Amino acid sequence: MHKYLMLLLCVFFSGCEPYVPPDPNGPNGSWWVGGLDGGIYVFMEDDANSSDNIYQGSIYFDADKTLWYKGKFQYSQNTRLDYKNREIYSGWDGERLLLKDQSYLQAMEEIPPL
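For the sequence shown, counting from 1, position 81 maps to 80 in numbering that gives the first Met the number 0; every step adds exactly one.
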């Protein structure tokens, strides 16, 4: 019985490709934000007015690292954002850059259609 179970497990696992994590460094200084099911590359910086909650950034596709969106983002809170801290970013829903504390950065310009 154990021989057949081992054979079945070997056949099952031999057909699966191992997970290869994405390159943590993306184009133009961006970094990976995502998980096993995919993600994006993010680059964020402050805009010209460092006293507001507006930031400038870029979002790149995960697969080919091409530019998806570049423009201004408005932070959903009335506080300053530690935008350089890569650990705060959670994901991208196509319009907002989601942060781990449930806040977000809203894209302020039109998102190009896919």
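By construction, the Cβ of each residue, glycine as well, lies at the ideal position given by its N, Cα and C atoms.
Small disclaimer: the values here were computed from a predicted structure and weren't measured.
Relative to Leu35, the option among Ser89, Ser57, Gly70 whose CA is nearest is Ser89. Here DSSP, grouped into helix, strand and coil, assigns Arg85 to helix. DSSP, reduced to helix, strand and coil, places Asn27 within a helical segment of the structure shown. Taking 3 residues as the minimum length, the beta strand (DSSP E) runs contained wholly in the segment 55 to 81 are 66 to 74, in order along the chain.
Taking C-alpha positions only, Ser29 is separated from Asn52 by approximately 20 Å. Taking the C-beta atoms as reference points, Asn24 is found no nearer than 8 Å to Phe42.
Distances from the CA of Gly70 to each of Asp22, Leu96, Ser50 were compared; the closest alpha carbon is that of Leu96. Distances from the alpha-carbon of Phe60 to those of Leu98, Trp91, Ala106 put Trp91 closest. Taking C-beta separations shorter than 6 Å and ignoring five residues to either side along the sequence, the partners of Leu80 in its chain run Tyr74, following chain order.
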